[in-house]
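Working notes, beginning with the structure itself.
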Amino acid sequence: LKELRSLNISDGSSEDETHYNLASALIKSIRGSDLEASTHYLARLINSGEEPRFIARRLSILASEDIGNANPNALILANATVQIVASIGYPEARIPLMQLVVYLTCSPKSNSAIVLIDNELAKIQSGFAPAVPDHLKDAHYDGAKKLGRGKGYLYPHDFGGFVEQEYLSEKPKKIILSDIAFEKTLKDWLKKIKEQNS
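Note that this note's numbering gives residue 317 to position 197 of the sequence shown, counting from 1, and the numbers run on in steps of one.
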């Protein structure tokens, strides 16, 4: 790959439209676990001269938004790819970019992270912000004990890693994680420790 060709604009599309259409097609193909399509659109972006850092950043967002805890290693590899393509540039950057695209495409998918953060932000913006319980408040400053800060806090490691206590004074609707890949492992562990201590 000695030279990267300029964008081949066709069908009356502008350069910006082609740029964003190819990037969108890449992300949606990875999300849909279509290996042939995702590798094709990556090659199209590279061939058009797209900045490797732009591609890597978009893939990093996808690693968290569309894969998340179904495969936490996806975000680690994506972050490593951001760093390496920034340091080596083309033509070599095409290789780690393709490695990442293949990995992301073939990874199990979960959008729990974006759904959860958006739901929690919406609750807060609608007025849900209960007071922090005193036993959870910072007790590392002078006068904290007199105010009852930290009093009654139970250190989970003193109880085998988990102990029942109040963390949120008003509980909203229970959060349900997915049953997909490693996220199910996290969900099952949380369920197990709570059942053991109920």
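Just so you know, even glycine gets a beta-carbon here, dropped at the ideal spot from N, CA and C.
Since this is a predicted model, take the numbers as computed values, not measurements.
Are the region 282-302 and the region 163-182 touching, with three or more C-beta to C-beta distances below 8 angstroms?
With the cut-off at 8 angstroms, the region 282-302 and the region 163-182 do not touch.
Lysine 148, DSSP secondary structure in three states
The residue labelled residue 148 in the question sits at position 28 within the sequence shown. Helix at lysine 148.
Any idea if glutamate 284 is buried or exposed, counting beta-carbon neighbours within 10 angstroms, 16 or more meaning buried?
Stepping through the sequence shown from its first residue, residue 284 is reached at position 164. Per the 10 Å Cβ criterion, exposed.
Cα-Cα separation between aspartate 299 and lysine 307, rounded to whole angstroms:
On the sequence shown, residue 299 is found 179 positions in, with the first residue counted as 1. On the sequence shown, residue 307 is found 187 positions in, with the first residue counted as 1. Roughly 8 angstroms between the two C-alpha positions.
Hey, would you say glycine 322 sits closer than 9 angstroms to serine 232, going by beta carbons?
Residue 322 is absent from the structure shown; the chain starts at 121 and stops at 318.
Three-state class that DSSP yields for histidine 277 in the structure shown
Indexing the sequence shown from 1 puts residue 277 at position 157. Here histidine 277 sits in helix by DSSP.
Cβ pair count under 8 angstroms reaching 3, the region 155-170 against the region 218-231
Contact between the region 155-170 and the region 218-231 is present, because at least three Cβ pairs lie under 8 angstroms.
Beta-carbon gap between alanine 198 and alanine 183 smaller than 9 angstroms
As a working note, residue 198 is residue 78 in the sequence shown. As a working note, residue 183 is residue 63 in the sequence shown. Yes. Within cutoff.
Pair every Cβ in the region 161-173 with every Cβ in the region 196-210, then say whether three or more of these pairs are closer than 8 angstroms.
A contact is defined here as three or more CB-CB pairs under 8 angstroms, and the region 161-173 meets this definition with respect to the region 196-210.
Just to confirm, is the Cβ distance from leucine 236 to isoleucine 313 under 9 angstroms?
Mapped onto the sequence shown, residue 236 falls at position 116. Mapped onto the sequence shown, residue 313 falls at position 193. For the 9 angstroms CB-CB criterion, leucine 236 and isoleucine 313 do not form a contact.
Give the range of the alpha helix (DSSP H) segment to which alanine 157 is assigned.
As a working mapping, residue 157 is identified with position 37 in the sequence shown. Where alanine 157 is concerned, the enclosing alpha helix (DSSP H) stretches over 155-167.
Secondary structure, alpha helix (DSSP H): runs of 4+ residues fully inside the region 180-254
The region 180-254 contains these whole alpha helix (DSSP H) runs: 193-208, 214-225, 232-245.
Secondary structure of alanine 143, DSSP reduced to three states
To locate residue 143, count along the sequence shown from 1; it is residue 23. Helix at alanine 143.
Counted within 10 angstroms of its Cβ, other Cβ atoms place alanine 251 as buried (16 or more) or exposed
Numbered from its first residue, the sequence shown carries residue 251 at position 131. Counting the other CB atoms within 10 Å of its CB gives alanine 251 a total below 16, which places it among the exposed residues.
In whole angstroms, what separates the C-alpha of histidine 255 from that of glycine 268?
Here residue 255 refers to the residue found at position 135 of the sequence shown. Here residue 268 refers to the residue found at position 148 of the sequence shown. Those two C-alpha atoms are separated by around 8 angstroms.
Tell me which residues share the same chain as aspartate 258 and place their Cβ nearer than 8 angstroms to its Cβ, disregarding the 5 neighbours each side in the sequence.
The residue labelled residue 258 in the question sits at position 138 within the sequence shown. For aspartate 258, where only same-chain residues beyond five positions count, the Cβ hits under 8 angstroms are Ala264, Arg269, Gly270.
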